[in-house]
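Novice: Have a look at the structure that comes next, please.
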Amino acid sequence: MTLACRRYNAHNEGPWLVWLHGLLGEGDEWAPVIAACHEYPSLVIDLPRHGDSASIGAKNFVEVSALLTETLKTEDITHYWLIGYSLGGRIAMYHACFGDTTGLMGLIVEGGNPGLYDASERQNRIAHDMRWAQRFRDEPITKILEQWYQQPVFADLNDEKRQLLIEKRSRNAGFCIAESLECLSLGHQPWLVAELQQLTLPFIWLCGEKDKKFQTIAQQYSLPLTTIPHAGHNAHQAQPVAYAAVINHILSLFG
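Reading the sequence shown from the start, the letters are residues 1 to 255 in the UniProt record's numbering.
Have a look at this one:
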């Protein structure tokens, strides 16, 4: 089984850029960034229970990593950089640490949490995500999203941007998002810091300069942080051109 995906700039040479979106997103949200990374071929993937992969489930990180591997094989992508935001960043980190990394040339993570070290923190996070999941199952999705985007991590959004996000994300099915929260909760994710520190491939950790939570995480675990100016948690959406400039610079250094 493979995930839904779409190619951009497929005629170009060089390593493929493989883009993984966040919770509630879909692959094509990367289009503005890809337009400014047009020298490289790109593959955008809809994660399980999102976009055109809504009918595909993954019970855990092992399964979603395997789906990613099968998708890349089917698309005949043999050399690639993996770029992921939030949930997509967590999947990308897991894949780089524990998945089939054949052909993986580098890892770029935007606002992706490397995990919770303490067992009680993990249990608390699972309970937190289960509460949200139940609401996504039981309540109108627009109503839930209005509260979802009031969380502190989205504090940089003004009312107009918040409303646009709510309208866009309302296309998701509530039960699909609930399943993602249940199966891919941060509480179910392994603590990846030790494995990330041992990676031999290039690894860059991005976050917006207004995203203080994830800057603190980067400093706490000595992650290779690069900040995107004038952006919060969703830096690629807020500043796609500046974000793409960072990606292009990284690729020019490592090839």
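Yeah, the Cβ is synthetic: ideal placement off N, Cα and C, and Gly gets one too.
For residue 216, count neighbouring C-beta atoms within 10 Å of its own C-beta (all shown protein chains included) and say buried if the count is 16 or more, exposed if not.
Specialist: Burial call: exposed.
Novice: Report the option in 92, 51, 2, 157 whose CA atom is closest to the CA atom of residue 73.
Specialist: Residue 73 has its Cα closest to that of 2, out of 92, 51, 2, 157.
Novice: Closest by CA to residue 21, which one among 49, 39, 87, 96?
Specialist: Per the Cα distances, 87.
Novice: With distances taken Cα to Cα, identify the nearest neighbour of residue 180 among 126, 156, 200.
Specialist: Closest by alpha carbon: 126.
Novice: Go through the stretch 226–250 residue by residue and report every complete run of the alpha helix (DSSP H) that reaches 4 residues or more, in order.
Specialist: Counting only runs of 4 or more, we get 235–238.
Novice: Alpha carbon to alpha carbon, how far is residue 107 from residue 52? Give it in angstroms, no decimals.
Specialist: Between residue 52 and residue 107, the C-alpha separation is close to 25 Å.
Novice: Is residue 125 helix, strand or coil when you go by DSSP?
Specialist: In this structure, residue 125 counts as helix in the three-state DSSP scheme.
Novice: Is the stretch 195–214 in contact with the stretch 235–243, if contact means three or more CB pairs nearer than 8 Å?
Specialist: Touching, per the Cβ criterion.
Novice: Measure the alpha-carbon distance for residue 75 versus residue 18 and round it to whole angstroms.
Specialist: Using only the alpha carbons, I get a separation of about 11 Å.
Novice: Please state if the CB of residue 96 and the CB of residue 84 are separated by a distance shorter than 7 Å.
Specialist: No, they are not a contact pair.
Novice: Distance check for residue 233 and residue 156, CA to CA, integer angstroms please.
Specialist: Approximately 8 Å between the Cα atoms of the pair.
Novice: Where do the N-terminal and C-terminal ends of the beta strand (DSSP E) with residue 17 fall, by residue?
Specialist: From DSSP, the beta strand (DSSP E) with residue 17 extends over 16–20.
Novice: Helix or strand or just coil, what does DSSP make of residue 45?
Specialist: Reduced to three states, the DSSP call for residue 45 is strand.
Novice: Just reading off the beta strand (DSSP E) that residue 110 is part of, what are its end residues?
Specialist: Element bounds for residue 110: 104–110.
Novice: To test your reading of the DSSP string, which unbroken beta strand (DSSP E) runs of 3 or more residues are found completely within the stretch 21–92?
Specialist: Runs of the beta strand (DSSP E) inside the stretch 21–92: 42–45, 80–85.
Novice: What runs of the beta strand (DSSP E), each 3 residues or longer, lie entirely inside the stretch 154–226?
Specialist: Runs of the beta strand (DSSP E) inside the stretch 154–226: 203–208.
Novice: State the start and end residues of the unbroken alpha helix (DSSP H) segment that holds residue 145.
Specialist: Residue 145 -> alpha helix (DSSP H) spans 141–148.
Novice: Could you give the residue range of the beta strand (DSSP E) that holds residue 8?
Specialist: Residue 8 -> beta strand (DSSP E) spans 5–8.
Novice: Have a look at residue 59 and residue 48 and give me their C-alpha separation to the nearest angstrom.
Specialist: Distance between the alpha carbons of residue 59 and residue 48: 10 Å.
Novice: Looking only at its own chain, which residues have a Cβ that is under 8 Å from the Cβ of residue 186, when we skip the five neighbours before and after it?
Specialist: These residues qualify, in order along the chain: 90, 113, 115, 116, 122, 125, 129.
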